[in-house]
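A short worksheet on the structure shown next.
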Amino acid sequence: NQYVSRSVRGSRLISRTLPVGLRLRRGWQPVPTQTFHPSSDLQAYHPGQAIFLVVLGESKTGVTPGTLEQQSSQYLQMMKLGFDQVTSAQSRTGVSQVNRYPAVQYALQADLRGQSVAYLHTTIEIFDHYYQVVTWTSTNRYLANADEMSAITQEFGPE
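In short: position in the sequence shown from 1, add 1428, done, that's the working numbering.
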């Protein structure tokens, strides 16, 4: 589902199924496809900081018509169904664009399989698709990892 393209400008993780990719910042590496999510288009992690990332793309024709904000809300509700418990209310961040494309981003914390996890969930509209870029780390590492979680999200975009 993904491959790494290396050039003088660095390494990019590129989807084999959708025309998108992610510049791998220092310390980031790909993980075997479907390790984190069975339908993911991209998956990566930063082992040194224990940050994880998945990207899921979906054609606008496959979703209920609405705004970017409405679609983000639907994705968040679906994501919350997988948690044992949401431990902090979702809060909107100041992000309104990723790589010059319209975006909506929320931070939230939840318990999942006995672990306390902090998430940044970003929905991005690129042409005729919505993309979810989800990064997460343990709640106790969130303050130290928040900047890197935001930075890797900003590396996502079309190929």
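From the three backbone atoms N, C-alpha and C, an ideal C-beta is built for every residue, glycine too.
None of these values were measured; they are calculated from a predicted model.
Between E1587 and I1442 a beta carbon distance of about 6 Å is seen, short of the 8 Å cut, so the two are scored as contacting.
L1446 carries a coil assignment under DSSP once its states are collapsed to helix, strand and coil. With a contact defined as Cβ atoms closer than 8 Å, Y1529 and G1585 qualify at about 7 Å. Between L1509 and V1436, the alpha-carbon positions lie close to 42 Å from each other. Where L1496 is concerned, the enclosing alpha helix (DSSP H) starts and stops at 1496-1508. The alpha carbon of F1511 has as its nearest neighbour, out of V1483, G1485, S1544, the alpha carbon of S1544.
Counting only residues of its own chain and dropping the five nearest sequence neighbours on each side, D1556 has a CB closer than 7 Å to the CB of S1487, K1488.
Rounded to whole angstroms, the gap between the alpha carbons of T1565 and P1493 is 32 Å. Put simply, the backbone Cα of V1482 is about 13 Å away from that of E1583. Per the C-alpha coordinates, the member of Q1499, T1563, T1463, H1549 positioned closest to R1520 is H1549.
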